[in-house]
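S.K.: For what it's worth, the working numbering labels the leading residue of the sequence shown as 70, then goes sequentially.
Note that beta-carbon positions come from the ideal geometry of N, C-alpha and C, so glycine has one too.
Note that this is a predicted model, so its numbers are computed, not measured.
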Amino acid sequence: MAKSREEMKRLLTTVIPIKTPDNPFTPRFVPTCGCGAVAEYEVYEHREAHCRKCMLDAVDSNVFTVVRRIGGYDDAS
Numbered sequence: 070m071a072k073s074r075e076e077m078k079r080l081l082t083t084v085i086p087i088k089t090p091d092n093p094f095t096p097r098f099v100p101t102c103g104c105g106a107v108a109e110y111e112v113y114e115h116r117e118a119h120c121r122k123c124m125l126d127a128v129d130s131n132v133f134t135v136v137r138r139i140g141g142y143d144d145a146s
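1) Exposed or buried, what is Met124 when buried is set at 16 or more other beta-carbons lying within 10 Å of its beta-carbon?
2) Would you kindly report the start and end of the unbroken beta strand (DSSP E) that includes Val112?
3) May I have the straight-line CA-CA distance separating Glu117 from Asp126, to the nearest angstrom?
4) Using DSSP bridges, identify the partner residues of Glu117.
5) When you compare each of Phe98, Lys88, Glu114 and Arg121 to Cys104 by their alpha carbons, which one comes out closest?
6) Go to Val132, then tell me how far its beta strand (DSSP E) extends in each direction, as first and last residue.
Structure follows, in structure tokens:
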């Protein structure tokens with residue numbers, strides 16, 4: 070038990086209320102392409118984020134290019 074007012078002030082902690090988000094299911098991070106558009110695909114081995122137009126430009130080459138959609142059940146990015 071606290072014996073004095075100073076000890077009570079020291080023992081009590083300040084409670085700061087935290088505002089809950091309006092919609093808790095909105096994504097916090099939206100990946101964007103280098104051109105500024107919203108990214109839909111991960112391209113290359115190191116999974117660069119690309120929009121559809123930039124992904125098609127990257128795929129249009131003689132070198133094999135890995136492409137996958139962002140999202141889905143197995144998405145860990």
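M.R.: Looking at the atomic coordinates:
1) buried
2) Tyr110 to Val112 is the span of the beta strand (DSSP E), which, as asked, contains Val112.
3) In a straight line, the C-alpha of Glu117 is about 13 angstroms away from that of Asp126.
4) Val112
5) Cys104 has its Cα closest to that of Arg121, out of Phe98, Lys88, Glu114 and Arg121.
6) For Val132, no beta strand (DSSP E) segment is defined, and its DSSP state is neither H nor E.
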